[in-house]
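For this note's numbering, add 24 to where a residue sits in the sequence shown, where the first one is 1. In this text, a Cβ means the ideal position worked out from N, Cα and C, and glycines have one as well. All values reported here derive from a predicted model rather than from experimental measurement. Read the structure below first, then the notes.
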Amino acid sequence: MDNSITVKKNQETYVNETLVLVKHIESRFIELSERLYTIQNEKLWQSRYDSFNEFLEDAHITPGEASKLIKIFRTFVIENGVDHSKLSGIGYSKLYEVIPLVEKEGAEMAVTKASTLMRSEIQDEVRDKKYGVHDHVVGPERWGACSVCNKFIKM
Numbered sequence: 025m026d027n028s029i030t031v032k033k034n035q036e037t038y039v040n041e042t043l044v045l046v047k048h049i050e051s052r053f054i055e056l057s058e059r060l061y062t063i064q065n066e067k068l069w070q071s072r073y074d075s076f077n078e079f080l081e082d083a084h085i086t087p088g089e090a091s092k093l094i095k096i097f098r099t100f101v102i103e104n105g106v107d108h109s110k111l112s113g114i115g116y117s118k119l120y121e122v123i124p125l126v127e128k129e130g131a132e133m134a135v136t137k138a139s140t141l142m143r144s145e146i147q148d149e150v151r152d153k154k155y156g157v158h159d160h161v162v163g164p165e166r167w168g169a170c171s172v173c174n175k176f177i178k179m
């Protein structure tokens, strides 16, 4: 058998296995979010640690990441009753990005947008909700950050 075919099949298998791994990780983030929320709110960390941040350090989770995961769980599950199964396949970064849309459009619509839009499209929607739809204003260089919404524009 041609060695290049074997290498190509191995490469394809490796890539496919990686995609499966990503989906598995994405499906588990909501469980981690729930656990972090519970550990923080019920102060379960106190039996072993002096602070929640000390627990996070031991878990190799930055306070910023923990804050994002907890906010996702609180916003979607606790405050809006969204089922875990609707969140698990989306990925936490896109869910975090749509949180500003929850108040304006509802949790279900925000989840739908997180599951169907690319991250850059979500960022544009959030920016449009915050600043309104407008012609981006940049300097004479014809590139730079919009003076209204800070989106980087290249004309």
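| Item | Value |
| --- | --- |
| Report, in whole angstroms, the separation of the C-beta atoms of PHE76 and GLN64, which I expect to be a contact under 8 Å. | 5 Å |
| Does DSSP put LYS175 in a helix, in a strand, or in coil? | coil |
| Please state whether DSSP places VAL106 in a helix, a strand or coil. | coil |
| Reducing DSSP to helix, strand and coil, say where LEU141 ends up. | coil |
| Give me the residue from CYS170, ASN40, TRP69 with the minimum Cα distance to ARG151. | CYS170 |
| So, are the CB atoms of SER51 and SER139 less than 7 Å apart? | no |
| Touch check for the segment 100 to 110 and the segment 70 to 84: three-plus C-beta pairs under 8 Å? | no |
| If we count the other Cβ atoms within 10 Å of its Cβ and call it buried at 16 or more, is LYS118 buried or exposed? | buried |
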